[in-house]
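Worksheet: one structure, shown below.
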Amino acid sequence: MALLNDVKRELAGIETDPPVAKMAQVATMLRFGGGLRPVNNKVVIHAQFDSIEAAEWLKNAISHHFQREAKVTKVSRQTPSGTVQRYEMLVDRGATALALQTGLLDRRMHVVVGLPAEVISGNISQIKAAWRGAFLARGTISDPGKASYLEIVCPTHESAVALQGAGRRLGITAQTRKVRSSERITLRDADAIERVLNLIGAPRAAREWTGKRADGEARGKANRLANFDDANMRRSAKAAAEATQKVLHAFEVLGDDIPENLKAAGDLRVWHTDASLEELGHLANPPITKDAIAGRIRRLLQLAAKTEKEREQGTK
Numbered sequence: 000m001a002l003l004n005d006v007k008r009e010l011a012g013i014e015t016d017p018p019v020a021k022m023a024q025v026a027t028m029l030r031f032g033g034g035l036r037p038v039n040n041k042v043v044i045h046a047q048f049d050s051i052e053a054a055e056w057l058k059n060a061i062s063h064h065f066q067r068e069a070k071v072t073k074v075s076r077q078t079p080s081g082t083v084q085r086y087e088m089l090v091d092r093g094a095t096a097l098a099l100q101t102g103l104l105d106r107r108m109h110v111v112v113g114l115p116a117e118v119i120s121g122n123i124s125q126i127k128a129a130w131r132g133a134f135l136a137r138g139t140i141s142d143p144g145k146a147s148y149l150e151i152v153c154p155t156h157e158s159a160v161a162l163q164g165a166g167r168r169l170g171i172t173a174q175t176r177k178v179r180s181s182e183r184i185t186l187r188d189a190d191a192i193e194r195v196l197n198l199i200g201a202p203r204a205a206r207e208w209t210g211k212r213a214d215g216e217a218r219g220k221a222n223r224l225a226n227f228d229d230a231n232m233r234r235s236a237k238a239a240a241e242a243t244q245k246v247l248h249a250f251e252v253l254g255d256d257i258p259e260n261l262k263a264a265g266d267l268r269v270w271h272t273d274a275s276l277e278e279l280g281h282l283a284n285p286p287i288t289k290d291a292i293a294g295r296i297r298r299l300l301q302l303a304a305k306t307e308k309e310r311e312q313g314t315k
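In numbering that gives the first Met the number 0, the protein residues as written are 0 to 315.
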């Protein structure tokens, strides 16, 4: 969530776009933030955002570029995970004219269900602005260290397809999917997400995403290696304890009738229960290899098993 706020704050701070790009961003934010609604036989524009910076940017753009008044109100909503803050933007006076100016209403006064034709067929700055506006309105991004995704909730299937098509002009290959009743545009490739952040105007957030993702991957690798090493140690300790019990049983079976080199190897196993075979080899006098100590212990156990079997057969 912290990264998401940083991305939207950075995007809302962009002031260098040409007027046509700003108009494309306004249209897309209105469409993805809520759109047109009939109230008391007239049209109002009612949009909702999770970022105060996004709501204020849209309010100021409507005032400066379209000379319309917009009001922003903070509202609280209860969810299963707690209280969330949202920012509602309302345009009641002149909403029909604003909808026509932004292309949300066509010339026949029909609501455009996707994105205005002027946006999706516009220049690259307009396409970038449309993606920026869609993300400001309904975009989310995973925090670094978690499964990578960038997602935009779309108001209609047509708007999802329009945004997907506009993205292809930027080299963005995004997938559309339906989750319950909502249409979504989703990116899961981490490098593609970084590229999108740069394209829509959030290079600082892109650098943060890349840096934290690299840190998270490094920590994840270190944790996996540590867990792997820990598992190996547990397996080795268990095997050593089992081998010690087998050697003690062999000593009971064989008594004093044990070759000296096999008895010395068995003693090392019993005296140094936690030591590895390599360490036991170093402790031998003279030192021997890991394979040699393992071979002597194996022959000791085989000799004990053979002796025990012969005794059982002799008693029958």
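Glycine included, C-beta positions come from ideal geometry on N, C-alpha and C.
Give the secondary structure of residue i by DSSP, where H, G and I count as helix, E and B as strand, and everything else as coil.
i: Glu14; result: coil
i: Ala283; result: coil
i: Ile199; result: helix
i: His324; result: This structure cannot speak to residue 324, because the chain is shown only from 0 to 315.
i: Leu299; result: helix
i: Gly254; result: coil
i: Asn4; result: helix
i: Val19; result: helix
i: Lys289; result: helix
i: Lys145; result: coil
i: Asp214; result: Legend: pLDDT at Asp214 = 49, less than 50; position of this residue unreliable, value from coordinates given subsequently. DSSP places Asp214 in helix when its eight states are reduced to three.
i: Val25; result: helix
i: Ala221; result: Bear in mind that the predicted position of Ala221 carries a pLDDT of just 46, short of 50, making it unreliable; the figure below should be weighed with that in mind. In the structure shown, Ala221 sits in a helix (DSSP, three-state: H, G or I).
i: Arg106; result: coil
i: Val246; result: helix
Where do the ends of the alpha helix (DSSP H) carrying residue i lie?
i: Gln66; result: Unbroken run through Gln66: none, as it is neither H nor E.
i: Ala98; result: Ala94 to Thr101
i: Ser124; result: Ile123 to Arg137
i: Leu261; result: Glu259 to Trp270
i: Val118; result: Ala116 to Ile119
Would you call the CB atoms of residue i and residue j closer than 8 Å?
i: Arg131; j: Glu9; result: no
i: Ala264; j: Arg234; result: no
i: Val90; j: Val43; result: yes
i: Gln125; j: Arg85; result: no
i: Val160; j: Gly113; result: yes
i: Ala53; j: Lys127; result: no
i: Ala283; j: Ile292; result: yes
i: Gly200; j: Ile13; result: yes
i: Arg183; j: Arg194; result: no
i: Glu55; j: Ser62; result: no
i: Lys245; j: Leu300; result: yes
i: Ser158; j: Arg36; result: no
i: Met88; j: Lys58; result: yes
i: Leu261; j: Arg298; result: yes
i: Leu186; j: Leu135; result: no
i: Ile151; j: Ala133; result: yes
i: Ile192; j: Leu3; result: no
i: Ala205; j: Asn197; result: yes
i: Arg268; j: Thr306; result: no
i: Ala11; j: Ser75; result: no
i: Lys289; j: Leu302; result: no
i: Ala325; j: Thr272; result: Absent from the structure is residue 325, since the part of the chain shown begins at 0 and ends at 315.
Identify the continuous beta strand (DSSP E) that holds residue i and give its terminal residues.
i: Leu169; result: Taken as a continuous stretch (DSSP letters only), Leu169 belongs to no beta strand (DSSP E), as it is neither H nor E.
i: Leu186; result: Ser181 to Leu186
i: Gly33; result: Unbroken run through Gly33: none, as it is neither H nor E.
i: Leu89; result: Gly81 to Val90
i: Thr175; result: Gln174 to Val178
i: His45; result: Lys41 to Phe48
Is residue i near the ligand FMN - that is, is its Cβ less than 7 Å away from at least one heavy atom of it?
i: Val19; result: In the structure shown, the ligand FMN is absent, as is every other ligand, since no ligand is present at all.
Please confirm if the segment 113-123 is in contact with the segment 157-172, defined as three or more CB-CB distances below 8 Å between the two stretches.
A contact exists between the segment 113-123 and the segment 157-172.
Evaluate contact between the segment 131-148 and the segment 103-110, counting only Cβ atoms and requiring at least three cross-stretch pairs below 8 Å.
No: the two stretches stay apart, fewer than three of their Cβ pairs being nearer than 8 Å.
Three or more C-beta pairs closer than 8 Å, one from the segment 74-81 and one from the segment 14-34: is that the case here?
No: the two stretches stay apart, fewer than three of their Cβ pairs being nearer than 8 Å.
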